[in-house]
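Trainee: What follows is a single structure, and I will ask about it in a moment.
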Amino acid sequence: MPTFYEDRGTGPALLLVHGHPFDHTMWQPQIDRFSRAGYRVIAPDLRGYGATPLGASSGSTLLGDFAEDLAGLLDALGIDDCVVAGLSMGGQIAMEFVHRHPGRVRGLVLADTFQAAETEDGRKARNAMADRLLREGMRGYADEVLDRMVAPYNTHAAPHVHRMMCATDPVAAAAALRGRAERPDYRETLGALAVPALVVVGRDDTYTPVADAEEMHALLPHSTLTVIERAAHLPNLERPEEFDAALDAFLRSLVRPS
Numbered sequence: 001m002p003t004f005y006e007d008r009g010t011g012p013a014l015l016l017v018h019g020h021p022f023d024h025t026m027w028q029p030q031i032d033r034f035s036r037a038g039y040r041v042i043a044p045d046l047r048g049y050g051a052t053p054l055g056a057s058s059g060s061t062l063l064g065d066f067a068e069d070l071a072g073l074l075d076a077l078g079i080d081d082c083v084v085a086g087l088s089m090g091g092q093i094a095m096e097f098v099h100r101h102p103g104r105v106r107g108l109v110l111a112d113t114f115q116a117a118e119t120e121d122g123r124k125a126r127n128a129m130a131d132r133l134l135r136e137g138m139r140g141y142a143d144e145v146l147d148r149m150v151a152p153y154n155t156h157a158a159p160h161v162h163r164m165m166c167a168t169d170p171v172a173a174a175a176a177l178r179g180r181a182e183r184p185d186y187r188e189t190l191g192a193l194a195v196p197a198l199v200v201v202g203r204d205d206t207y208t209p210v211a212d213a214e215e216m217h218a219l220l221p222h223s224t225l226t227v228i229e230r231a232a233h234l235p236n237l238e239r240p241e242e243f244d245a246a247l248d249a250f251l252r253s254l255v256r257p258s
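Count the sequence shown with full-length UniProt numbering and you get residues 1 to 258, in order.
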């Protein structure tokens, strides 16, 4: 279970699941806004990220491990159900969570993520990157991918993103990469989802392009698709006002009558 998390605000619960290799502060604009707007916002540091230690590890952290950690956190906080929002790896964790605990999800937000199983080439690449991070640490990787995480024209977001990547424990990052190399196919899970969903993607995301988001939108029975212009892989930080507007509209659509 995450040992560090922000728990702010009161009202319907919103669980924010960060991506790799970041921490809960990836969601800072959303934590600030939605905790003031009538929601209880839960934003954990995942196992091995931020201030949550990796703990005992076999060298691989599966998406299911993260999902069960989140279920344990909700149990500890006395939260029965929530809206789950995840970006990139966080979106895949959110898909695993709803697969395992469908009754605990009131709504699903999938941002800049991908629903299909890992390919053989992808599996090799993730394991090779895990080996590299263990040898070299995080800075070289962070320098290389920064312009894909944050579009070059969104320089305001780049320093925060670079700091998060460099601060991540390479052992934990490698374990998560090895776990994601075993990623299952979530298309059947999404196709059977009974609750509303929001799919969000940055127009210029090259990791999970708009076509992937459109495929998820087509699979989900009750979904809305929002493409954030002038954003890459982290539209919640690159274009927080536009991202928050889409999330706000989605959350308002889920509010239970008083």
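Cβ coordinates follow ideal geometry from the N, Cα and C atoms, glycine included.
1) With DSSP as the reference, label Arg8 as helix, strand or coil.
2) Are the C-beta of Cys166 and some C-beta of chain B separated by less than 7 Å?
3) Could you name the residues that DSSP lists as bridge partners for Ala13?
4) Report all residues from its chain with a CB closer than 6 Å to the CB of Leu87; omit the five preceding and five following residues, and keep chain order.
5) If you scan the stretch 99-173 from start to end, which runs of the alpha helix (DSSP H) of 4 or more residues do you find wholly inside it?
6) How big is the Cα-Cα spacing for Asp80 and Gly103?
7) Please classify Gly179 as buried or exposed, where buried requires at least 16 other C-beta atoms within 10 Å of its C-beta.
8) Buried or exposed: where does Gly78 fall if 16 or more other Cβ atoms within 10 Å of its Cβ makes it buried?
9) Roughly how many angstroms separate the alpha carbons of Asp65 and Arg230, rounded to a whole number?
10) To the nearest angstrom, how far is it from the Cα of Trp27 to the Cα of Ala174?
11) Let me check understanding here. Comparing Cα to Cα, which of Phe243, Pro44, Asn236 lies closest to Leu70?
12) Within the same chain, show all residues whose beta-carbon is closer than 6 Å to that of Asn154, passing over the 5 residues directly before and after it, in chain order.
13) Measuring only the C-alpha atoms, how far is Thr189 from Met165?
14) Pop quiz: Gln92 and Arg183 are said to be a contact at Cβ under 8 Å. What is the actual Cβ separation, rounded to whole angstroms?
15) Measuring straight from C-alpha to C-alpha, what distance separates Ala142 and His162?
16) Which term fits Arg126, buried or exposed, when burial requires 16 or more other beta carbons within 10 angstroms of its beta carbon?
17) In the DSSP assignment, find the alpha helix (DSSP H) that holds Ser35 and state where it starts and stops.
Mentor: The relevant details are as follows:
1) strand
2) Looking at the structure shown, chain B is missing, and only one protein chain is on hand.
3) Arg40
4) Gly19, Ala111, Asp112
5) 120-136, 139-149, 158-167
6) Roughly 9 Å separates the two Cα atoms.
7) Looking at its Cβ environment, which holds 16 or more other Cβ atoms inside 10 Å, Gly179 is buried.
8) Exposed, because fewer than 16 other Cβ atoms sit within 10 Å of the Cβ of Gly78.
9) 34 Å
10) C-alpha separation (whole angstroms): 22 Å.
11) For the residues Phe243, Pro44, Asn236, the minimum Cα distance to Leu70 belongs to Pro44.
12) Glu238
13) 30 Å
14) 6 Å
15) Ala142 and His162 have their C-alpha atoms spaced approximately 6 Å apart.
16) With 16 or more other Cβ atoms inside 10 Å of its own Cβ, Arg126 counts as buried.
17) Taken as a continuous stretch (DSSP letters only), the alpha helix (DSSP H) holding Ser35 covers 28-35.
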